[in-house]
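Following: one structure in structure tokens, then a few remarks.
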Amino acid sequence: MNDLTFTATAIDATADRRGRVNLGFYARSGKRLFDLGLALLLLPVLAPVVLGIWAFVRLDGGPGFFGHTRVGRNGRPFTCWKLRSMVADAESQLQALLDADPAAAAEWARSRKLARDPRVSRLGQILRRTSLDELPQIWNVLKGEMSFVGPRPIVAAELAKYGSSVSAYLAQTPGITGLWQVSGRNGVSYEARVALDVAYLARCSFWKDVRIIARTGLAILGTTGR
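The opening residue of the sequence shown carries number 1042 in the working numbering; numbering runs sequentially from there.
This is the structure we're talking about:
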């Protein structure tokens, strides 16, 4: 069955009479052990890479890391870390584009993403195409704020876009990668993205995570950045 065939009704099979989502053993405990083990295995390799890229990003005088508040599991806010990929006046440049370009404004409203984002620096474009900007999120994984696989972390304003499926997002730990990232990313509507998050909750397993991580690796090698 295709992942996109799942809708909010998939939650019904995992919820009790009070509407609370029931998670299996892997989602409740095994997933955290998997995350910790993989993070500790990758940390000695990734730490020097992150520090090297951080030094290059700092050359323009701005900070090397960028932290933004996102909604975590059970609605707890946390700071999601990235290597900075944007110019210094990023938000003003975004607003200027949205005010001047109706098509860009519609694209932003649909997915909170832009194919041509004026905020992204030249180095940032490379970091995003290769997903290297997200490497610092291994720190979020170690802290238990994120998982390697799960829904992409969202800002509070995006919760409304989940509608009746919001419990599917809140029941999960946000992920560095997930079904959305390996299913087209910017080319997938927000409605389909929500359906993918619901589908992942309904079918979460160790082997599902392994397959998604493997597909993510192939996508990074293809440097689509989408």
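Glycine is no exception: its CB is placed at the ideal position from the N, C-alpha and C atoms.
Keep in mind it's a predicted model, so treat the numbers as computed, not measured.
Bridge partners of residue i, per DSSP?
{"i": "Leu1124", "result": "Phe1106"}
{"i": "Pro1159", "result": "The partner list for Pro1159 (beta bridge, DSSP) is empty, contrary to what the question assumes."}
{"i": "Ile1195", "result": "Val1112"}
{"i": "Phe1119", "result": "Arg1111"}
Could you tell me how far apart the beta carbons of residue i and residue j are, in whole angstroms, since I believe they sit closer than 8 Å?
{"i": "Val1098", "j": "Arg1125", "result": "5 Å"}
{"i": "Phe1107", "j": "Phe1247", "result": "Their Cβ separation, rounded to whole angstroms, is 32 Å, which puts Phe1107 and Phe1247 out of contact at 8 Å."}
{"i": "Gly1113", "j": "Pro1215", "result": "6 Å"}
{"i": "Ala1080", "j": "Ile1179", "result": "5 Å"}
{"i": "Ile1217", "j": "Met1187", "result": "6 Å"}
{"i": "Ile1253", "j": "Val1190", "result": "5 Å"}
{"i": "Arg1194", "j": "Gln1213", "result": "This sequence places Pro at residue 1194; Arg is not what is there. Not quite, the Cβ-Cβ distance comes to about 10 Å (not below 8 Å), so this is no contact."}
Could you spell out the range, first to last residue, of the beta strand (DSSP E) harbouring residue i?
{"i": "Gly1216", "result": "Gly1216 to Thr1218"}
{"i": "Ser1188", "result": "Ser1188 to Val1190"}
In the DSSP assignment, the alpha helix (DSSP H) including residue i goes from what residue to what residue?
{"i": "Ser1208", "result": "Val1207 to Leu1211"}
{"i": "Leu1176", "result": "Careful: Leu1176 lies outside any alpha helix (DSSP H) and carries neither H nor E."}
{"i": "Thr1257", "result": "Phe1247 to Leu1262"}
{"i": "Arg1069", "result": "Here Arg1069 belongs to no alpha helix (DSSP H), and DSSP marks it neither H nor E."}
{"i": "Asp1140", "result": "Ala1131 to Ala1141"}
{"i": "Arg1234", "result": "Tyr1231 to Arg1244"}
Using the C-alpha atoms, what's the distance from residue j back to residue i?
{"i": "Ala1082", "j": "Ala1137", "result": "Residue identity differs from the one stated: residue 1082 is Leu in this sequence, not Ala. When rounded, the distance between both Cα atoms is 43 Å."}
{"i": "Gly1116", "j": "Asp1142", "result": "33 Å"}
{"i": "Val1223", "j": "Glu1175", "result": "15 Å"}
{"i": "Thr1046", "j": "Ala1201", "result": "Confidence at Thr1046 is low in this model, with a pLDDT of 43, below 50, so its placement is unreliable and no value can be given for it."}
{"i": "Gln1134", "j": "Trp1149", "result": "14 Å"}
{"i": "Gly994", "j": "Val1128", "result": "Missing from the structure shown is residue 994; the chain here goes from 1042 to 1267 and no further."}
Return the residue from the list the options that minimises the CA-CA distance to residue i.
{"i": "Val1229", "options": "Ile1167, Ser1133, Ser1152 and Asp1130", "result": "Ser1152"}
{"i": "Leu1164", "options": "Leu1087, Trp1095, Glu1232 and Ala1088", "result": "Trp1095"}
{"i": "Arg1169", "options": "Lys1154, Gly1078 and Val1086", "result": "Lys1154"}
{"i": "Val1090", "options": "Ala1146, His1109, Gly1078 and Leu1173", "result": "Leu1173"}
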